[in-house]
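Quick note on numbering: the sequence shown equals residues -28 to -1, 1 to 156 in mature numbering (1 follows the signal peptide of the UniProt record, and there is no 0). Down below is the structure, laid out as structure tokens.
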Amino acid sequence: MGSILGKRAVAVVLACLMFASSIQLSAGAVYKVGDSAGWTTIGNVDYNLWAATKTFHVNDTIVFEYNPQFHNVMQVTHAEFRACNASSPISTHTTGNDSITINTHGHHFFLCGVPGHCQAGQKVDINVLRAPSVAPSPSGLTPSPVPPVTVPALSPNDAPHVNLQFGWLLLVFQLLFVFYFSGN
Ligand SMILES: *[C@@H]1O[C@H](CO)[C@@H](O)[C@H](O)[C@H]1NC(C)=O
Ligand SMILES: *[C@@H]1O[C@H](CO)[C@@H](O)[C@H](O)[C@H]1NC(C)=O
Ligand SMILES: *[C@@H]1O[C@H](CO)[C@@H](O)[C@H](O)[C@H]1NC(C)=O
Ligand SMILES: [Cu+2]
């Protein structure tokens, strides 16, 4: 009897802690395109492979780092991306350290507009998934909703992404916990 109540209390406390850690979900991650190689034609960086290893979300920021004397960044349509056509980009970035926050889901196509570079593989498709819906919590143990926290700018590394994945893991554990302890 007492031990079940004790278990319930522990479960509630853990659930609250885990929910708090999942708040980080709304903070955007920062990804440096090409990682340490940056945005370049040197070394045949496979930007498709680079993008395939990431799970982009709305409000994530991608950073293009390059020597602006040799490269640039243009956002283009899918057709222009396929054709490496840089004649009428949606937007052009030329600082050599361009932070672009992606605020819509779907594909975002970028290429280098310097002749020959896109053809050489300096192009990347950032596919942003829809924000995953949060699973409904079981009755009785739902912590009060917490307003989303927005972090406008983060240093260009993957740490927030790690936290984000960790947050989801904890959310799953939280639900398992609640189911397990409320079953008695
Ligand atoms: C993205 O950021 C905007 C403004 O900062 C915010 O209103 C929106 O809820 C955020 N979206 C997500 C999915 O976090
Ligand atoms: C490049 O794109 C523009 C605008 O989308 C189009 O008018 C032009 O014909 C294209 N050029 C080539 C070579 O495909
Ligand atoms: C690029 O800009 C970010 C801030 O937006 C800064 O932290 C970083 O050091 C810059 N990198 C270079 C190579 O200038
Ligand atoms: Cu280039």
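Where is the CB? At the ideal position from N, CA and C, for every residue including glycine.
Check, Outcome
"Of all the beta strand (DSSP E) runs that stay within the bounds of the region 20 to 107, which reach a length of 3 or more residues?", "33 to 37, 45 to 48, 63 to 65, 69 to 73, 78 to 83, 95 to 101"
"Shorter than 8 Å, the distance from the beta carbon of Asn31 to the closest heavy atom of ligand 1, or not?", "yes"
"Can you round the beta-carbon distance between Phe53 and Lys26 to whole angstroms, since I take them to be within the 8 Å contact cut?", "So it is not a contact: roughly 18 Å between Cβ atoms."
"Report yes if the C-beta of Leu78 is less than 8 Å from at least one heavy atom of ligand 1; otherwise report no.", "Residue 78 is actually Gly in this sequence, not Leu. No."
"Between Ala92 and the rest of its own chain, which residues show a CB-CB distance below 6 Å, the 5 nearest in sequence each way excluded?", "Thr13"
"Confirm the yes/no value for this check: CB of Ala55, any heavy atom of ligand 2, distance under 8 Å.", "yes"
"I'd like to confirm something about residue 170: is its beta-carbon nearer than 8 Å to some heavy atom of ligand 1, or not?", "The structure shown does not extend to residue 170, since the chain is modelled only from -28 to 156, so the question has no answer here."
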